[in-house]
Structure formats: C-alpha cells, structure tokens
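K.L.:
In this note's numbering, the protein residues as written are 12 to 873. We treat Cβ as the ideally placed atom computed from N, Cα and C, and that holds for glycine.
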Amino acid sequence: MSAVDLAELRRQFKSGKQALIAGFMQARPTVTAAKTLLRQLARHVDAQLQQLWSAASMPEGACLLAVGGYGRGELFPYSDVDVLVLLPDGVEAHQPGAIKSGLEAFITACWDSGLEIGSSVRTLSECLSEAAGDVTVQTAMLEARLLTGPRPLFKQFERALQQAMDPKAFLRAKTLEKAQRHTKYEETPYSLEPNCKESPGGLRDLQLLIWIARAAGLGKTWPQLAATGLITPFESRQLQRNEGLLTLIRARLHAVAGRREDRLVFDLQTAVAESFGYQASGGQRASEVLMRRYYWAAKAVSQLNQVLLLNLEERINGSQQALLRPINEHFMERAGMLEVVSDDLFEREPHAILETFLIYQQTPGIKGFSARTLRALYNARELMDAAWRRDPANRALFMQILQQKEGQTHAFRLMNQTSVLGRYLWVFRRIVGQMQHDLFHVYTVDQHILMVLRNVRRFFIPEHAHEYPFCSQLASQFEKPHLLYIAALFHDVAKGRGGDHSDLGAVEVRRFCRQHGLDKADTELVIFLVQHHLTLSRVAQKEDLSDPEVVQAFAKKMIDARHLTALYLLTVADIRGTSPKVWNAWKGKLLEDLYRLALRALGGAKPNLDADIEARKQEARQALALLSALPGTEEPLWKTLELSYFARHDAGDLAWHARALWRHIDSAVPVVQARPSPIGEGLQVLVYSPDQPDLFARICGYFDGAGFNILDAKVHTTRSGYALDTFQVISPELDLDQRDLVPLVESKLSQILKAQGPLPEPRRGRLSRRVKSFPFTPRIALRPDEKAQRWLLSISTSDRAGLLYAIARVLARHGINLQLAKISTLGERVEDTFLVDGAALQQNKLQLQIESELLDAVSIPG
Numbered sequence: 012m013s014a015v016d017l018a019e020l021r022r023q024f025k026s027g028k029q030a031l032i033a034g035f036m037q038a039r040p041t042v043t044a045a046k047t048l049l050r051q052l053a054r055h056v057d058a059q060l061q062q063l064w065s066a067a068s069m070p071e072g073a074c075l076l077a078v079g080g081y082g083r084g085e086l087f088p089y090s091d092v093d094v095l096v097l098l099p100d101g102v103e104a105h106q107p108g109a110i111k112s113g114l115e116a117f118i119t120a121c122w123d124s125g126l127e128i129g130s131s132v133r134t135l136s137e138c139l140s141e142a143a144g145d146v147t148v149q150t151a152m153l154e155a156r157l158l159t160g161p162r163p164l165f166k167q168f169e170r171a172l173q174q175a176m177d178p179k180a181f182l183r184a185k186t187l188e189k190a191q192r193h194t195k196y197e198e199t200p201y202s203l204e205p206n207c208k209e210s211p212g213g214l215r216d217l218q219l220l221i222w223i224a225r226a227a228g229l230g231k232t233w234p235q236l237a238a239t240g241l242i243t244p245f246e247s248r249q250l251q252r253n254e255g256l257l258t259l260i261r262a263r264l265h266a267v268a269g270r271r272e273d274r275l276v277f278d279l280q281t282a283v284a285e286s287f288g289y290q291a292s293g294g295q296r297a298s299e300v301l302m303r304r305y306y307w308a309a310k311a312v313s314q315l316n317q318v319l320l321l322n323l324e325e326r327i328n329g330s331q332q333a334l335l336r337p338i339n340e341h342f343m344e345r346a347g348m349l350e351v352v353s354d355d356l357f358e359r360e361p362h363a364i365l366e367t368f369l370i371y372q373q374t375p376g377i378k379g380f381s382a383r384t385l386r387a388l389y390n391a392r393e394l395m396d397a398a399w400r401r402d403p404a405n406r407a408l409f410m411q412i413l414q415q416k417e418g419q420t421h422a423f424r425l426m427n428q429t430s431v432l433g434r435y436l437w438v439f440r441r442i443v444g445q446m447q448h449d450l451f452h453v454y455t456v457d458q459h460i461l462m463v464l465r466n467v468r469r470f471f472i473p474e475h476a477h478e479y480p481f482c483s484q485l486a487s488q489f490e491k492p493h494l495l496y497i498a499a500l501f502h503d504v505a506k507g508r509g510g511d512h513s514d515l516g517a518v519e520v521r522r523f524c525r526q527h528g529l530d531k532a533d534t535e536l537v538i539f540l541v542q543h544h545l546t547l548s549r550v551a552q553k554e555d556l557s558d559p560e561v562v563q564a565f566a567k568k569m570i571d572a573r574h575l576t577a578l579y580l581l582t583v584a585d586i587r588g589t590s591p592k593v594w595n596a597w598k599g600k601l602l603e604d605l606y607r608l609a610l611r612a613l614g615g616a617k618p619n620l621d622a623d624i625e626a627r628k629q630e631a632r633q634a635l636a637l638l639s640a641l642p643g644t645e646e647p648l649w650k651t652l653e654l655s656y657f658a659r660h661d662a663g664d665l666a667w668h669a670r671a672l673w674r675h676i677d678s679a680v681p682v683v684q685a686r687p688s689p690i691g692e693g694l695q696v697l698v699y700s701p702d703q704p705d706l707f708a709r710i711c712g713y714f715d716g717a718g719f720n721i722l723d724a725k726v727h728t729t730r731s732g733y734a735l736d737t738f739q740v741i742s743p744e745l746d747l748d749q750r751d752l753v754p755l756v757e758s759k760l761s762q763i764l765k766a767q768g769p770l771p772e773p774r775r776g777r778l779s780r781r782v783k784s785f786p787f788t789p790r791i792a793l794r795p796d797e798k799a800q801r802w803l804l805s806i807s808t809s810d811r812a813g814l815l816y817a818i819a820r821v822l823a824r825h826g827i828n829l830q831l832a833k834i835s836t837l838g839e840r841v842e843d844t845f846l847v848d849g850a851a852l853q854q855n856k857l858q859l860q861i862e863s864e865l866l867d868a869v870s871i872p873g
C-alpha cells in the first residue's frame, strides 16, 4: 500500500470516527445511542483492518481476530484495539520470510493509517499454551471474534480453547483478580473520582460475570443467564439497565475528554454532566446530579454482582450440594454463608430483614450472605416502608445490632450495600452517594460515616490497640460503645441541607433516641456528640492551648469527663475517616494535649500557670541531668525568656533548647538545630538568631523551597532581642530518613539566614485537580484578642506550595510580629491561625490594606 493511500485512509478513518462521535454527542443521551455508537466504532475499525489485511499480502491460512474488549464488537471512542494474528500450526516452518514481511507491513500500515493497535502473533498451539499460564491472555481470547481469514481455523481455535478451559481454576483466578482490583480502588463504588470501568460497581464487574459464565458454558448474555436459572428475569433487566447507564456515562466521558479516560475526575465531571443536559439548581452542582445517578447504578451493580457471582460459584464448585445447618426458624448456614429458609421469608416475616444482620453478627463462622439471601433482601426493598420503620420490633432489632459485642462494621456495611440501612434510617438514605466538595473528604457522605463507625469500632477491638493506644485505653473504660456508634452514624447525616449540619443532625439523633427508647442521660450524650463533633478539633488546631482561659472555656463546654472522653474518641475517628492525607502525628498530639488539659480542669484543678511552669522547669532540669549537662546549663537562656515561652513548650523542648543554646546566648550569627520529632513524624527545628523583621518569612521561604510542610510554629523574642523560633515540619517530597535530613536542614537554613538581600519569590507549585475544579473562596479574619493586646489572624484557603511563605512575606512587609502560628491542613484546604501584633494593626486604613494584601497572597493564581 502506497504512502498516499495510507495518508488518505488515515484521513478517512479519522473523519469517519469524529463524525460518529459528534453525532452521538449531538443526539439525546440514551443507552440505545451509546450502544449504537460502540457497534458503529467497532465496525469502522473492522473495515479498516480488513482492508489493510488484504493489502499486506498476509500468509495463506492466517486469521485476524479481534480480542479483548474489541472482540465483543463494541468499541468505546478511545479504547484499545487489540488484535491477534492466528497462524495454523507449522506454517512458520514453511514460509518464515513471508510471514515476517507480511506482518511487519500490516502492523506498520495500521499505525500509519491512524490505528494504534495492540497486536500479538501466535500459532494455535501457542495460544493454548500461553492461555494455560496467563489468565489475562485466556480472558482476552475468550471474547475473540473473527475479522478475516479462514473460518475453519477460527472454529478450531474456539473449540480447543473451550476444551482447555478449567472453569474452577478460571473462577478462582478471576475472583482473586477482582479482589485485588477492588483493593486498588479503595473497596468502594463511592470514591469521589471513580473509575467507571475498574472501580467496584463498574463495567469490569459486569464483564467478569460474563467471562466466568462463558468459561463454564453457562451463557454469554444476561437473558441466557436468566434462562439457565442463575438470575431472575427481573435481575436480568436490572443488570441490562445499569450496564447501559454505565456504558452511556463512559462513552460520553471518552468523548468529552477526547482521549481514553475512564475516571470521572473532577475537572471532567461538570462537562460530562452538562453533555447529559444536567444543570446546577437549588445549590446542587450539575456534576452532583450526574454522580448521584452514577453511584446508584454502581451500587445496584455491586449488589447484583454479588448475587450472580455467588450463584456462579455454587454452580461451578457444586457448593449448592453442601449440607445445610439450621440456625433458627428463619435462617440456615451452608458452607459458611447465611441462607434464608425460603425465598419469600421477608414477605412473610418482615422482621426477619433486620434479623438477618443480627444473626450474621451472632453466629460464629458466618462469612457472608448466600446468593439466595442477597436476592431476597434485594427483592424486599418495597417492604421496608414507613410502617416497617415504626414497628417496635424492628426498632428493638436495630438496637440489638448496635449493642452486639462485635460485628458492627461489617453488619452496617452490608446493610448499606443491600439498601437496608437507608430504608430503615430514612435520613441516611438522603446522603447515600452524596458528594462532598470541601477539599478534604475523599468519600461520599455515607461512606465517610461508615468509615468513622469502623474507626470507632476499632478502638474497642484489642487486636487494633497498637494503632491508637491512648484511644484504645479510653475505649476500654467506656461502658456503652453503642452510644458512640449512634453518634458516628448521625454526625454528618444532615450534610447538604444548608444550615449547620451539626445542629440539624442533633435534631435527627434526638428523634432517633426518643424512638428507640434511650434514657435521658444517654440521649443527652449522643445529642452533645453530634452537635459538638467539630468542637474539639477546632479548639485544638486553632486556639492557643497554653492559655488557661481557652482550656477552661472548652472544659466548661464538655460538662464532664464522660462527655469529653466520648467526644475525643469520636473526633479522632472522624478525622481519620475523612482522608488518608488529613491525619498526622502532630494533629494527634494537639488533640491529646487538649483532652488531658480539659480532663484536668474538669477534675477541679484550678488554673495555676506559675505552678505548672515551675513543675515543667523542674522536669526539664532532670532531663538535662540525665543528658550529663552541667548544673545551671539552662539559666543563661531561661533568664532571657518571658512566661509565654515556658507556657507553650513542654519539658522535653525546654531541655533541648537549653542544651543546644547555652553556649550561643550572645551569638552574632544564627544558630539552627534540628532533631527527629519526639512525636515520631517529621523534624523539630530550632532557630535562634538576632531578631529582624523578615526572619520568619526567610525561614518559611527556606522550608517552602526545600519541599517541607510546616505543621506548627512557635515564635518568641527574648529580652535581649533574639528570636527563638521552633517549627514542626514534615518532608513529603524528600525520600530520606528523618535523621538524614537533620544535617541538611541545619546547614542549608543557617546559610540562608546569614545571607542578606531581598526575599525570594515563592515557588509556584502545581495545583491539584480538586483545587482547580472546586475553588475555595479564601477567608481572612483579623480581630483583637480579649485583652486587646494582640490580634488573632485566621486564614482559610485552598492549600498549595508556598502558601505560608506568601503570608509571611506580607506580614514582614508591614512589620507585623508573629508570636504563634497554628497550621491546620485539612486535605487540600488549610485553616491557619496566627497570633500577631504590630503598630500597623492599630490603624484602620493600614489594617484594611494588610487584609487585602493577604487575600491576594492566598488566592489561587489566575
């Protein structure tokens, strides 16, 4: 084929494909339109491959097969085109040169004509041997389709492949592969950026079922599986309907992205939603409408996938012949699965719906629900109406589930997966599949709630005590764990309604407690937890815990030790359940410090700062003695420092600072000392230097440029005019052991502080897709403290590299002195609080200018 011909073919292929996609995008977004597009695209590729195959003078007797997804005869706009050149056994020995030249010409022509194919060349024997050792190859061949070549060879290939197939081994391999894939995609259909092909509840879960059924000779389509009794006609229709929706979404996602993109990423969700005709309304984004629809489809696929996969396992492995062991009049156990005694059990006994989950918790050895039980639950959805929710027997069963010694995490996950939880707690149904655009939650609201429930539950399990020893210690003394589980279920249940979700959630949980017979004290505790579930975190991360008045005010709000302990446990579980990025050891230390301070205040201890500081000093002296420091080592430094220094540092810090600086009290050059943080994460860095207006900014500039994140900063000025600043930093960008970072930080930061000159420009780090897609309007608040001596500066904005340095540059420019910085990073949002003073803050005009410059500094660059 000439270069001119290939160029023309390339143009025709590209224009033909674009015309098909354009026609699809202009038409109404229907499943039928998507299916038609996929078939048309496959035929469009078929025709080009057949033409190129003929022109390439391929060896006689060879076949060209479409394999993988392309083999199904349905091709998404930018999916892979995988082909197999199938050769008869022995042909290579007779005409090796002709085969090689023909193949090279064909593959080159494919690429030159715009077809980016994935190709393999095998004889019939090689196909069978490779399929035997690789389940991926076996799966691809299972869907092979003849494009051109002798049909007898293709039929021989099909028969040989089917005869070589071991359905049990194939089932086991594909089940393990599915488990691995689900783990990769966080075991949930409800990721905020799901992969509509690979995530749980995606198209791959449906393809898996057809592959296993085909391998076992049980059918190739949903109606065929219904005919063999593996699914009901109703389930077949549901599978087709939800598969159609996922197909439609994936096809439009490809078309909108203009490339192969199977993830519903934030920066494409709105465009895909608008291509469906969805529009923002009533405070709901167009993307949220689309994603809600996607999540409901993915949830249905997950449920039906589980039913059919279990049926396939029973049919292939013969486990339906396993002995049945009666549990009670409603349930039996077969091969470790919970089985209903009859398909109509829930219609006859609606109370047995919730009893299913109670029996699951109570019966040792039960690892899940049988296909029959899952099907019965799926078909019982319409039975779970208002009267069923009000039934006292069901309310008693629900409380029993909460109060069991174990199994809550799995029981409630199963309840959500089978739609029972949303049907029983109607308020929960409203937040199933609801997205959160707050830049730090990575799960939908319902999945976050279940994650928090799981985290609380783990505090009460001895096997998990090593994860959070202090939480486990407190949990072991908490007498009613089910109250914490209720609070976890309701703490965010009012998200997305407008208004304060904590107050609205408190109203909902009050109603629940009244309906479920909780006594007055327990009801009051649960309401308190839901209403104040953000309080402990806010105070710990934003306020000055060295101020006795802050601690006293917080302790007063806590009422007593029981309320405080419950709130602490819920808070740790909540923060851990938002995103893997949000929790760190420093945040844990702040929460624990506030808990201990408040517990002491609740115990009647009167604030006595002088006594506390004296005890802290004495402990520091003992630590110095253990380090073989000379008596009086601390005095040269301590006599230059104000009370606030001792109030803000613990004894370990006091000893470290004194030992590091006792020879450098009058040093003319900056002193930098670093050590691995005692909390076990990151570094503590001490800077001691003659004070200057831009010192804090210079330090932040170094950390910014070196790829460190500042978690905390304490700034002090000695009576002799020296700055004594301490920083808690972590280094996510540097793949080095913390001890290896110590000399690097000490050397580089010292050099930078000795140098003079203008402050460098902040580096411009790459913004995350979430920040780009859901910009957070920055907020600045500057208000005097209660004593009108200092000012509290609060900044909320999207996180990015160089942010703290940009803030510090503005403060340095106006001669603002920084005394305390509390850095709180919530995923991709920051909530920073600074304690500042300076003459410029006393003038209204200058104050407004400072606030304006800060807003400019923290805003996302356009």
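Leaving aside the five residues before and after methionine 410 along the sequence, list all residues of the same chain whose C-beta is less than 6 angstroms from its C-beta, in chain order.
P.N.:
As a position in the sequence shown, residue 410 is number 399, starting the count at 1. Around methionine 410: His527.
K.L.:
Can you check whether the CB of leucine 114 is closer than 9 angstroms to the CB of valine 132?
P.N.:
Indexing the sequence shown from 1 puts residue 132 at position 121. Indexing the sequence shown from 1 puts residue 114 at position 103. Contact: yes.
K.L.:
Could you work out which residue in His421, Gly516, Tyr454 is closest to threonine 469 when comparing CA atoms only?
P.N.:
In the sequence shown, residue 469 corresponds to position 458, counting from 1. The sequence shown places arginine at residue 469, rather than the threonine named in the question. For arginine 469, the nearest C-alpha among the options comes from His421.
K.L.:
Taking 8 angstroms as the cut-off, does the stretch 600 to 607 touch the stretch 617 to 637 (at least 3 CB pairs, one atom from each stretch)?
P.N.:
No, they do not touch.
K.L.:
Note down, in chain order, each residue of its chain lying with its Cβ closer than 8 angstroms to the Cβ of proline 789, except the 5 sequence neighbours on either side.
P.N.:
Counting from one through the sequence shown, the residue named residue 789 turns up at place 778. Around proline 789: Ile806, Ser807, Thr808, Ser809, Leu866, Val869, Ser870.
K.L.:
Could you tell me which residues DSSP puts in a beta bridge with lysine 833?
P.N.:
Working through the sequence shown from its first residue, we reach residue 833 at position 822. The partner list for lysine 833 (beta bridge, DSSP) reads Asp723, Thr844.
K.L.:
In three-state DSSP terms, what is leucine 172?
P.N.:
Against the sequence shown, residue 172 aligns to sequence position 161. Residue state, collapsed to three classes: helix.
K.L.:
Assuming leucine 497 contacts valine 467 (C-beta within less than 8 angstroms), just tell me the rounded distance between them.
P.N.:
Counting from 1 along the sequence shown, the entry for residue 497 is found at position 486. Counting from 1 along the sequence shown, the entry for residue 467 is found at position 456. Note that residue 497 corresponds to isoleucine in the displayed sequence, not to leucine. The pair is not a contact, with the Cβ atoms about 10 angstroms apart (cut-off 8 angstroms).
K.L.:
If you run the structure through DSSP and keep just helix, strand and coil, what is methionine 446?
P.N.:
Here residue 446 refers to the residue found at position 435 of the sequence shown. Looking at methionine 446 - three-state DSSP - the assignment turns out to be coil, as it is neither helix nor strand.
K.L.:
For serine 68, report the span of its alpha helix (DSSP H) as first-last.
P.N.:
Within the sequence shown, numbered from 1, the residue matching residue 68 stands at position 57. That residue, serine 68, is in no alpha helix (DSSP H); it is neither H nor E in DSSP.
K.L.:
Which whole-angstrom value describes the C-beta separation of leucine 153 and alanine 226, a residue pair presumed to lie in contact below a C-beta threshold of 8 angstroms?
P.N.:
By one-based count along the sequence shown, residue 153 stands at place 142. By one-based count along the sequence shown, residue 226 stands at place 215. Contact flag correct, Cβ pair sits at about 7 angstroms.
K.L.:
Pull up the DSSP beta-bridge partners for tyrosine 454, would you.
P.N.:
Locating residue 454 in the sequence shown gives position 443, counting from the first residue. The partner list for tyrosine 454 (beta bridge, DSSP) reads Ser202.
K.L.:
Whole beta strand (DSSP E) runs in the stretch 786 to 826 with 3 or more residues, listed along the chain?
P.N.:
Whole beta strand (DSSP E) segments, 3+ residues: 790 to 795, 802 to 809.
K.L.:
Just the Cα atoms here: how many angstroms apart are serine 878 and alanine 397?
P.N.:
Here the chain has residues from 12 to 873 only, and residue 878 is not among them.
K.L.:
Under 8 angstroms from any heavy atom of the ligand PLP, does the C-beta of alanine 812 make it?
P.N.:
Among the components of this structure there are no ligands whatsoever, and the ligand PLP is therefore not found.
K.L.:
Buried or exposed: phenylalanine 245, going by 16 or more other Cβ atoms within 10 Å of its Cβ?
P.N.:
Translated into positions along the sequence shown, residue 245 becomes position 234. Exposed, since its Cβ has fewer than 16 Cβ neighbours within 10 Å.
K.L.:
Which of helix, strand or coil does DSSP assign to tyrosine 196?
P.N.:
Within the sequence shown, numbered from 1, the residue matching residue 196 stands at position 185. Looking at tyrosine 196 - three-state DSSP - the assignment turns out to be coil, as it is neither helix nor strand.
K.L.:
Please state whether DSSP places alanine 271 in a helix, a strand or coil.
P.N.:
Within the sequence shown, residue 271 is the residue found at index 260, counting from 1. Checking the displayed sequence, the identity of residue 271 turns out to be arginine instead of alanine. DSSP places arginine 271 in coil when its eight states are reduced to three.
K.L.:
With C-beta atoms as the reference, is leucine 494 less than 9 angstroms away from tyrosine 579?
P.N.:
As a working mapping, residue 494 is identified with position 483 in the sequence shown. As a working mapping, residue 579 is identified with position 568 in the sequence shown. Not a contact, by the Cβ cut-off of 9 angstroms.
K.L.:
Looking at leucine 764 and valine 880, is the spacing between their C-beta atoms short of 9 angstroms?
P.N.:
Given that the chain is displayed from residue 12 to residue 873, the structure contains no residue 880 and the question cannot be resolved.
K.L.:
Assuming isoleucine 412 is part of the alpha helix (DSSP H), what are its boundary residues?
P.N.:
Locating residue 412 in the sequence shown gives position 401, where the first residue counts as 1. Unbroken alpha helix (DSSP H) run through isoleucine 412: 403 to 414.
K.L.:
On the premise that aspartate 848 lies in contact with isoleucine 834, defined as a C-beta separation below 8 angstroms, what is that separation, rounded to the nearest angstrom?
P.N.:
In the sequence shown, residue 834 corresponds to position 823, counting from 1. In the sequence shown, residue 848 corresponds to position 837, counting from 1. At roughly 19 angstroms, the Cβ-Cβ gap does not stay under 8 angstroms, so isoleucine 834 and aspartate 848 are not in contact.
K.L.:
From which residue to which residue does the beta strand (DSSP E) around glutamine 684 run?
P.N.:
One-based indexing of the sequence shown puts residue 684 at position 673. That run of the beta strand (DSSP E) goes 682 to 687.
K.L.:
Leaving out five residues on either side along the sequence, give the residues of the same chain with a beta carbon under 6 angstroms from the beta carbon of phenylalanine 181.
P.N.:
Taking the first residue of the sequence shown as 1, we reach residue 181 at position 170. Answer for phenylalanine 181: Ala226, listed in chain order.
K.L.:
Could you give the distance in angstroms between the alpha-carbon of leucine 335 and the alpha-carbon of glutamate 344?
P.N.:
Residue mapping note: residue 335 aligns to position 324 of the sequence shown, counting from 1. Residue mapping note: residue 344 aligns to position 333 of the sequence shown, counting from 1. Between leucine 335 and glutamate 344, the C-alpha separation is close to 6 angstroms.
K.L.:
When you compare only the Cα positions, how much space is there between proline 771 and glycine 712?
P.N.:
Translated into the one-based positions of the sequence shown, residue 771 becomes position 760. Translated into the one-based positions of the sequence shown, residue 712 becomes position 701. So the alpha carbons of these two residues sit roughly 7 angstroms apart.
K.L.:
List the endpoints of the continuous alpha helix (DSSP H) containing methionine 152.
P.N.:
For the purposes of this step, residue 152 is taken as the residue at position 141 of the sequence shown. Per DSSP, methionine 152 belongs to the alpha helix (DSSP H) from 146 to 153.
K.L.:
Report the partner residues of proline 337 according to the DSSP bridge assignment.
P.N.:
Numbered from its first residue, the sequence shown carries residue 337 at position 326. Answer by DSSP bridge pairing, in chain order: Met343.
K.L.:
Quick check: the stretch 549 to 561 against the stretch 522 to 540, are at least 3 beta-carbon pairs closer than 8 angstroms?
P.N.:
Too few Cβ pairs lie closer than 8 angstroms, so no.
K.L.:
Taking Cβ positions, are alanine 685 and leucine 694 nearer each other than 9 angstroms?
P.N.:
Against the sequence shown, residue 685 aligns to sequence position 674. Against the sequence shown, residue 694 aligns to sequence position 683. Contact: yes.
K.L.:
When the Cα of leucine 111 is compared with those of Leu852, Arg248, Ala404, Met69, which residue comes out closest?
P.N.:
To locate residue 111, count along the sequence shown from 1; it is residue 100. It is worth fixing the name first, because residue 111 is lysine in this sequence and not leucine. The shortest C-alpha separation from lysine 111 is found at Met69.
K.L.:
Hey, out of Leu637, Leu638, His675, Arg162, whose CA is closest to threonine 651's CA?
P.N.:
Translated into the one-based positions of the sequence shown, residue 651 becomes position 640. If we check each option's Cα against that of threonine 651, His675 comes out closest.
K.L.:
From Ala662, Leu638, Ala612, pick the residue whose C-alpha is nearest to that of glutamate 625; which is it?
P.N.:
Counted from its first residue, the sequence shown places residue 625 at position 614. It is Ala662 whose Cα lies nearest to the Cα of glutamate 625.
K.L.:
Buried or exposed for arginine 508, please, with buried defined as at least 16 other CB atoms from any protein chain shown within 10 angstroms of its CB.
P.N.:
Looking up residue 508 in the sequence shown gives position 497. Arginine 508 is exposed by the Cβ-count criterion.
K.L.:
Please tell me whether aspartate 355 and arginine 383 are closer than 9 angstroms, where the distance is taken between their beta carbons.
P.N.:
On the sequence shown, residue 355 is found 344 positions in, with the first residue counted as 1. On the sequence shown, residue 383 is found 372 positions in, with the first residue counted as 1. In this structure, arginine 383 does not lie closer than 9 angstroms to aspartate 355 by Cβ.
K.L.:
So for valine 740, helix, strand or coil by DSSP?
P.N.:
For this step, residue 740 is matched to residue 729 along the sequence shown. Strand, per DSSP.
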